[in-house]
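In this text, residue positions in the sequence shown follow UniProt numbering: the first is 1, and each later residue adds one.
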Amino acid sequence: MRSIDDALVTGRRGLRTRPGTLLLGPTGARLWADYLDERPGFAGAIDLVHKLNIPLLFTVSGVELPAPWDARWRPSRLTVSAVSPGGVELVEDKFVTWDDCAVSRQLWTNRGADPVALRLDVDRSWIGADGFGSRPVERHGFTVVALVRSSEPALWDGLTIQPGAQLDVVVAAALGLAETDTRDDLAGRLDGVLAVPANGATIPADHEAAPATPAAAPADGATIPAHDTTAPANGATIPANHDAALAYGATTPAHGAAAPATPAAAPADGTTVPTNGTATRPAGDPADPAAGGDGRAAAAGRSPAPVSSHPVIHRQEQSYQRWFDPVPSFSCSDALLTRTWAYRWFLLRHNLAVPGIGGLPDALFYEGRAHKMTKTPWHPAGWEFSKLIPLSSPMHLLEARWHPDPSLGTGLWRTLRAAQGDDGLYRSRTVAGEFHAYANFLGWASYQYALVHRDADGAAAMRDSLAAQVRGERAKLATGGDELPIETEHILTGKEYQPSYWAFHDYPADPRDRSGYTPLKRVDRAIYHYLNARGVAGLTRLLGGDTSGDTGGDGPAAEFDALADAVAADVLAKQWDGAPGFFYDLHHRTDEKAMVRNVVGFYPYWAGIVGADHLPGFEAALRLFGTGAPLPSTAPDSPVYSATGDWRGVFVKGRNGCSWNGPTWPYTNSVVIDGVGATSRRFGHRYDAAFGRLLRSYALLHFQQRDGRTPYLVEHYNSETGEAISDEVDYLHSFVIDLLVRYVAGLEAGPGAVTVDPLDIGLTWFELRGVRVAGHTVDIAFDAQRGLRVSLDGVEAAVAPGLAPLTVALT
């Protein structure tokens, strides 16, 4: 993928619930900003490893810069500008590096009549006059350390800018933990951040930072996955560039009229940010026939980004982009889907973390770097997503498998194994705490990951770990005389307050009333159990540990195939009701159906265990759940349905609630849309159009006000209007990359071959290039004139005149 910045550049992004704030795209292995205030430098709510709400790292004072500031958001950096009433202008680029440095390049121009004095300020309650400080965080058992440095040391005491002069300065703070990082480590990182050639020339890409391979291992020996950066978060330092001088000018003439670039302007390369409809092309794009191209619009991010003239910014652009360089390129005749592809890859990079300490020793993807917590400095309270949550980890594996770097998944596998209890269950963890053992489909997702990354390190160890989970959940949960797991706590499937738990007692006025609560044999739990058993069996065969065939036999996979068959039989026999044509949760003792059509009733279609006799019910359910912004978590015919998340007027977990009685969640949208695609394929592509409608509706939820332009995915939405009713921006508990690869481009990875069988969703053309599968490169392209074409390792391997199934052996 070329230039993620070009693919997603947009205007201001800020929290819906905190007007005036600014969002930052780049994140470090440990460091990120929840939001920034309209102040020079880094002030707002800043986090390290977990949610901390550090209010200030540094700022530059001396000039009042009134709101509103202009802002230009890019994945790699945020550009802001402001002007004082007296004519002092600031243009600032700010970003976080992967090795946890908060960097601000500030260009001050005094166009007023009077001199102004600027001063570098820090929070002196924990950072000293020498720029170094530390502060313990008792609840997490670690101590934050920071070192602040300016390219102009005199800024600490104050620098004066005369009328008509400029100050070009870079200020940076390196953050770490006292348990893993020394002051020298932090200083080494700052050396790397602030170093520029003596003449101020742009640093070539091949002289920038380290290659995108694991540079060093944390103290515990875990490997850091390949990233876009220079150093891991464990305290290994970036070598100082001793040949480079910190050659920033202090105060230079402003050359009279040269105003700084206004961040709110269009991108410098002249590209148009697409919204919806057909794809647009920048002037001179090689896809433009007038420019000698092939007539198809560029893939997301293919057009080059304008090169920054400042070496510190240029280095960040190059370093950040390095993670995206090997990502497959996807583009199609629907610009909304093309832009969604780019945003979903940003979400993966944004939520990638390597805490490297305590209960999180290796890599993982956070469910989000936002949260349901207060903003109290240093003392947030509530629920945070920046930790290991195995409920969402399977979706991270499904998405990350299409990145050619296998360490993204194998690092997560190691983190998961470290969080596995003696009972086989994976628990949610922070560096110092352990929480719920959520339902998940990690067995199935890990098998899918291994189908793409055949040489993934630790696959055999993960197979054994996943087998322990299947056996442990069976022993703990399938206690009702069959193979259907019983869920006693509604929160453990990640779908709290779903009405079926209260269906046997006429639904209370307040769902927190447990007097009418009933444990259930849940459809989602059963399908996860089924898929996990199938996944362990498949992974066993893939690793060469079973030669008894694809199903059954007496080999090691037979145990799990037999269990999957038994679970599927119980789901079909007990949870299906043919009259309304839907799958229902059951009373944990009597097997009586809880007659609530929850969204999980679609899950058996996702698992592929249904037959043709289940299709009329499927079609009726799609119509019933076809709200203005589908798919609601509970059907609108429920007595306690609410699109806005209240339960009979009661909001749980804040003003917008978190009740699965009607709002739309990306979490289940991914699963159900996957199920629609799979069912369509199994039954003659009869639901291709339905899949396309749902996918586009879902894609619109990824953008603020459904504008197709401003990336802003949150946890849940009003299922009738599409309004975002939570504010955990850039939330990652869903999958879409996988849907685009498997159904729009049609690529399915199998044990010995890839199949290409796209769904017809009305596209006039699409292309997916550079996908790595089992050591091979797969390219897929379709247009009406040339049909469907599949290449393997650069050689055309299969063609069809239209959208039709193709199979290519992996030899």
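In this text, a Cβ means the ideal position worked out from N, Cα and C, and glycines have one as well.
| Item | Value |
| --- | --- |
| In chain order, each alpha helix (DSSP H) run of at least 4 residues that lies wholly inside the stretch 418-461 | 442-452 |
| C-alpha distance - Leu665 paired with Thr721, whole-angstrom precision | Looking at the sequence shown, residue 665 is not Leu but Trp. Cα-Cα distance, rounded: 13 Å. |
| His371 beta carbon less than 8 Å from that of Glu384 | yes |
| For Arg414 and Met462, the rounded distance between their alpha carbons | 8 Å |
| C-alpha gap between Ala205 and Gln318, whole angstroms | Reliability of the predicted coordinates at Ala205 is poor, the pLDDT of 33 falling under 50, and the value obtained from them is presented with this limitation in mind. The straight-line gap from Cα to Cα measures roughly 7 Å. |
| Host alpha helix (DSSP H) of Ser697 (start-end) | 688-700 |
| Cβ-based neighbour list, Pro163, same chain, cut-off 8 Å, excluding 5 preceding and 5 following | Asn110, Arg111, Gly112, Ala113, Asp114, Pro115 |
| Pairwise C-alpha distance: Phe582 and His350 | 38 Å |
| First and last residue of the uninterrupted alpha helix (DSSP H) at Gln321 | 311-322 |
| Cut-off 8 Å between Cβ atoms - residues of its own chain near Gly382, not counting five sequence neighbours on either side | His371, Lys372, Met373, Thr374 |
| contact_flag[the stretch 643-650, the stretch 600-618] where n(CB pairs < 8 Å) is 3 or more | no |
| Burial state of Leu8 (16 or more Cβ within 10 Å) | buried |
| Contacts around Tyr501, its chain only, beta-carbon distance under 7 Å, and the 5 residues preceding and following it disregarded | His490, Tyr517, Thr518, Leu520 |
| Environment of residue 814 [buried if 16+ CB atoms lie within 10 Å] | Since the displayed the chain opens at 1 and closes at 811, residue 814 lies outside it and no answer follows. |
| Cβ contact (3+ pairs, closer than 8 Å) linking the stretch 681-698 and the stretch 624-636 | yes |
| Separation of Asp577 from Arg417, as counted between CA atoms | 38 Å |
| The stretch 462-471 / the stretch 434-446 touching (three or more Cβ pairs under 8 Å) | yes |
| Classification of Pro751 by the beta-carbon crowding that lies within 10 angstroms, buried from 16 upward | exposed |
| For Pro311 and Ala201, the rounded distance between their alpha carbons | Confidence at Ala201 is low in this model, with a pLDDT of 41, below 50, so its placement is unreliable and the value that follows should be read with caution. About 7 Å. |
| Supposed close pair Pro26, Tyr320 - CB separation, criterion 8 Å | 6 Å |
| C-alpha distance - residue 827 paired with Ala503, whole-angstrom precision | The shown model of the chain, from 1 to 811, leaves out residue 827, and the question about it has no answer. |
| Enclosing alpha helix (DSSP H) for Tyr712 [first to last residue] | No alpha helix (DSSP H) contains Tyr712, which DSSP labels as neither H nor E. |
| For Glu715, the nearest candidate out of Ala690, Ser659, Trp341 (CA to CA) | Ser659 |
| Secondary structure, beta strand (DSSP E): runs of 3+ residues fully inside the stretch 742-787 | 747-749, 753-756, 765-773, 776-783 |
| Helix, strand or coil at Trp576 [DSSP, three-state] | strand |
| Of the residues His529, Gly41, Glu89, the one placed nearest Pro485, counting alpha carbons only | His529 |
| Nearest-angstrom Cβ-Cβ length linking Tyr698 and Leu713, presumed shorter than 8 Å | That belief does not hold up - the Cβ atoms of Tyr698 and Leu713 are roughly 10 Å apart, past 8 Å. |
| Identity of the residues DSSP links to Phe346 by a beta bridge | In DSSP, Phe346 forms no bridge with anything. |
| Nearest-angstrom Cα separation, counted from Leu412 out to Ala363 | 5 Å |
| contact_flag[the stretch 403-410, the stretch 71-84] where n(CB pairs < 8 Å) is 3 or more | no |
| Residue from Leu806, Gly775, Val773, Tyr35 whose Cα sits closest to the Cα of Leu788 | Leu806 |
| Rounded Cβ spacing between Tyr605 and Ala594 (contact assumed at less than 8 Å) | Wrong, their Cβ atoms sit about 19 Å apart, outside the cutoff. |
| CB-CB length for Ala456 against Leu543, believed under 8 Å | Between Leu543 and Ala456 the Cβ distance is about 10 Å, and since that is not below 8 Å, they are no contact. |
| DSSP three-state assignment for Tyr517, whether helix, strand or coil | coil |
| Residue range of the alpha helix (DSSP H) that includes Phe504 | Premise fails: Phe504 is in no alpha helix (DSSP H) and is neither H nor E. |
| Cβ neighbour criterion (16 or more within 10 Å) applied to Asp168 | buried |
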